[in-house]
């Protein structure tokens with residue numbers, strides 16, 4: 042963990058923050074990512090891949106390392122390491138036993154959600170989980186769930202309550218915060234469709250499609266409010282995807 046501490050990672054910071062220390066800056070002469078971080082990521086990946094022979098990390102240690110690796114995706118100075126970061130992330134996700142994964146995933150999602158602000162950074166963290174296996178999809182969905190729970194000040198991560206909070210937003214109101222709405226609809230879509238948990242929850246999915254349709258049609262092309270056009274375009278795009286993911290037996294979106 043010395044490389045991470047030298048780099049300036051603040052493990053107990055209230056929001057995700059990785060600031061480069063003088064030591065880390067001195068470690069790289071070409072302006073690229075520090076070599077000690079590169080080596081650390083590769084060692085972590087290697088340790089994860091020998092789990093069947095020897096468990097290098099305890100479940101709680103692996104959870105902490107997974108939080109760190111996901112947080113590092115926010116540091117633009119490490120953009121040259123995205124492939125290595127991605128490999129390390131996928132290795133860590135695969136490290137946990139089947140009996141450990143669900144509880145560890147929840148712990149990781151809760152930890153990250155408390156460390157990142159509700160802005161575009163939280164969307165970047167969700168997007169960095171690009172794996173197509175069930176574990177990656179579950180982590181992506183759970184992270185979106187915890188971020189939404191915190192955003193609406195809920196003590197329990199209840200999907201129905203979160204959906205109601207999002208869909209109750211009136212885009213015609215003058216004081217509508219379109220930036221936060223943009224963040225919320227992207228997170229909500231990840232929550233509902235990253236995994237298959239809600240794919241057959243017809244009432245939830247239909248309510249979500251109706252809201253997306255309303256966002257795409259009730260926000261005019263001449264609405265110049267901050268992020269209004271982005272919400273309209275994103276809602277239209279997500280609605281197309283939601284229609285393609287329609288569960289068997291689902292009909293058309295009811296008029297509203």
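In my numbering, the protein residues as written are 42 to 297.
Yeah, the Cβ is synthetic: ideal placement off N, Cα and C, and Gly gets one too.
Notebook entry, point to check: Can you tell which of 252, 267, 261 has the C-alpha that lies nearest to the C-alpha of residue 281?
Noted result: Counted from its first residue, the chain shown places residue 281 at position 240. Comparing Cα-Cα distances from residue 281 to each of 252, 267, 261, the minimum goes to 252.
Next item on the list: Whole angstroms is fine: what's the gap from residue 64's alpha carbon to residue 80's?
Entry: Counted from its first residue, the chain shown places residue 64 at position 23. Counted from its first residue, the chain shown places residue 80 at position 39. Low local confidence applies: a pLDDT of 35 at residue 64 is under 50, so the model's placement there is unreliable, and no value is given.
Check: Between residue 219 and residue 272, which are expected to be in contact by the criterion C-beta below 8 Å, what is the C-beta distance as a whole number of angstroms?
Finding: As a first step, residue 219 is located in the chain shown; it is residue number 178 there, counting from the start. As a first step, residue 272 is located in the chain shown; it is residue number 231 there, counting from the start. Contact holds; Cβ gap of about 5 Å.
Next item on the list: Give the range of the alpha helix (DSSP H) segment to which residue 223 is assigned.
Entry: For this step, residue 223 is matched to residue 182 along the chain shown. Unbroken alpha helix (DSSP H) run through residue 223: 219-234.
Notebook entry, point to check: Taking residue 269 as the reference, which of 217, 245, 254 has the closest Cα?
Noted result: As a first step, residue 269 must be located in the chain shown, where it is residue number 228. Here the closest residue by C-alpha is 217.
Item checked: Residues near residue 70 by beta carbon distance below 6 Å, same chain, minus five either side -> Within the chain shown, numbered from 1, the residue matching residue 70 stands at position 29. Interpretation of residue 70 is limited by its pLDDT of 46, a score under 50 that renders its predicted location unreliable; the figure taken from the coordinates is listed afterwards. Nothing meets the Cβ criterion.
Notebook entry, point to check: Can you tell me whether DSSP reads residue 283 as helix, strand or coil?
Noted result: On the chain shown, residue 283 is found 242 positions in, with the first residue counted as 1. Here residue 283 sits in helix by DSSP.
Note to self: Please identify the residue among 210, 84, 286 whose C-alpha is closest to the C-alpha of residue 129.
What the structure shows: Your numbering for residue 129 matches position 88 in the chain shown. Ranking 210, 84, 286 by Cα distance to residue 129 puts 84 first.
Notebook entry, point to check: Between the stretch 221-236 and the stretch 181-198, do at least 3 Cβ pairs fall closer than 8 Å?
Noted result: yes
Check: Residue range of the alpha helix (DSSP H) that residue 127 falls in?
Finding: By 1-based counting over the chain shown, the position of residue 127 is 86. Counting along the chain, the alpha helix (DSSP H) containing residue 127 begins and ends at 123-136.
Note to self: Given 8 Å as the limit, tell me if residue 234 has its C-beta closer than that to any heavy atom belonging to the ligand FAD.
What the structure shows: Looking at this structure, you won't find the ligand FAD or any other ligand, since it has none at all.
Check: The alpha helix (DSSP H) spanning residue 259 covers which residue range?
Finding: Translated into positions along the chain shown, residue 259 becomes position 218. Residues 243-259.
Note to self: Pairs of beta-carbons, one from the stretch 194-204 and one from the stretch 159-171, closer than 8 Å: are there three or more?
What the structure shows: no
Next item on the list: My understanding is that residue 172 touches residue 134, with C-beta atoms under 8 Å, so please give their C-beta distance in whole angstroms.
Entry: Here residue 172 corresponds to residue number 131 of the chain shown, with the count starting at 1. Here residue 134 corresponds to residue number 93 of the chain shown, with the count starting at 1. The Cβ separation is near 6 Å, so the contact holds.
Note to self: By alpha-carbon positions, which one of 92, 111, 94 ends up nearest to residue 82?
What the structure shows: Working through the chain shown from its first residue, we reach residue 82 at position 41. Of the listed residues, the one whose Cα sits closest to residue 82 is 111.
Item checked: Buried versus exposed, by CB contacts within 10 Å (16 or more), residue 150 -> Locating residue 150 in the chain shown gives position 109, where the first residue counts as 1. Burial call: buried.
Note to self: Output needed for residue 259: all residues of its chain with C-beta closer than 8 Å, excluding positions within five of it in sequence on either side, in chain order.
What the structure shows: Working through the chain shown from its first residue, we reach residue 259 at position 218. Answer for residue 259: 212, 213, listed in chain order.
Margin query: On the CB-based measure, 16 or more other CB atoms within 10 Å of its CB, does residue 197 come out buried or exposed?
Written below: Position 156 of the chain shown, counted from the first residue, corresponds to residue 197. With fewer than 16 Cβ atoms within 10 Å of its Cβ, residue 197 is classed as exposed.
Checklist line | Residues near residue 136 by beta carbon distance below 6 Å, same chain, minus five either side | finding: Residue mapping note: residue 136 aligns to position 95 of the chain shown, counting from 1. Only 89, 92, 103 meet the Cβ criterion.
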